[in-house]
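FYI, the numbering for the sequence shown is 4 to 220, going by my numbering.
All C-beta atoms in this analysis are idealised placements derived from N, C-alpha and C, irrespective of residue type, glycine included.
One structure below.
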Amino acid sequence: MVEDEEDLVDALRVGLVRAGYAVDVAYDAPAAHEKLQVNTYDLVLLDLNLPSGDGFQLCRTVRAAGKGVRIIMVTARDRLDDRVRGLDEGADDYVVKPFAFPELLARVRALLRRDSGGGTSVIQVGGLRIDTARLEVTLDGRSLALTPKEYGVLHYLMTRPGHVVSSEELLEHVWDEHADPFTNTVRVTVGNLRRKLQEEGLIETVISRGYRLKEPT
């Protein structure tokens, strides 16, 4: 999230974390540029009126660098020419403040579905089913009560069934930038998730490489 209004940052971060997302924040353009160089993000919420920089320029720089990260411009600038320019500079979507958080969240989900190849808010792998709009998870019809991090790990694995995902990748995409890279939190979260799934072998450990969600046969 690239935004200089601290109250808005706090409110959005709470809502996004509750929805299962990991959120890093930059309060100005130089900090955002640095984070985008160091980290791999799925999506950027980008304000246009920033201290020490301009959101249009930052978007242009990101696109010139060949980064395929999704970008939603979130701004009070509601003129038609600003909206057109934002999309032409490379933004995937443009949201005008003030906005309703559920709509912003729906736009986030819609953009991220493009990368996972999904056309709806429901992801299903075998008997596992996630409704990303309602944050509901079921296994063979049985409802699962997951913590936000358990949900985030399962969601990430379900968008990559059969692929090995490293602990480092999970830490980067499910936790925020303050997560300790030497912590065992990923292992603990996967262990708790396995216990809740109550189905042995559904999440496989690939020694020295990471974890893999078993594909249905």
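From the DSSP output, which residues share a beta bridge with residue 65?
In the DSSP output, where bridge partners are listed per residue, residue 65 has none listed.
Whole beta strand (DSSP E) runs in the region 22 to 85 with 3 or more residues, listed along the chain?
When DSSP assignments are scanned along the region 22 to 85, the uninterrupted stretches of beta strand (DSSP E) that are 3 or more residues long and fall wholly within it turn out to be 46 to 49 and 73 to 78.
What is the DSSP secondary structure of residue 112, counted as helix, strand or coil?
Reduced to three states, the DSSP call for residue 112 is helix.
Cutoff 6 Å; reference residue 19; Cβ partners in own chain excluding five residues on either side:
Excluding sequence neighbours, residue 19 sits near 26.
From this set, 90, 95, 152 and 70, which residue's C-alpha is nearest residue 22's C-alpha?
Ranked by Cα distance from residue 22, the first of 90, 95, 152 and 70 is 152.
Quick check on residue 73: buried or exposed, where buried means 16 or more other Cβ atoms within 10 Å of its Cβ?
Of the other Cβ atoms in all chains shown, 16 or more fall within 10 Å of the Cβ of residue 73; this residue is therefore buried.
Pair within 7 Å by beta-carbon distance, residue 159 and residue 181:
It is not a contact, given that the beta carbons lie outside the stated cut-off.
Which value, in whole angstroms, describes the spacing of the CA atoms of residue 42 and residue 14?
Each residue's alpha carbon lies about 23 Å from the other.
Can you tell me the Cβ-Cβ gap for residue 189 and residue 170, rounded? I've got them flagged as a contact below 8 Å.
Confirmed, about 4 Å.
Residue 62 vs residue 106 beta-carbon contact at 7 Å
No, the pair does not count as a contact, with Cβ atoms beyond the cut-off.
Is the separation between the beta-carbon of residue 135 and that of residue 124 shorter than 7 Å?
Yes; because the gap between Cβ atoms is below 7 Å, this pair is in contact.
Proximity to residue 69 [Cα-Cα], best of 79, 85, 53 and 40:
Selected option, being the one with the closest Cα: 40.
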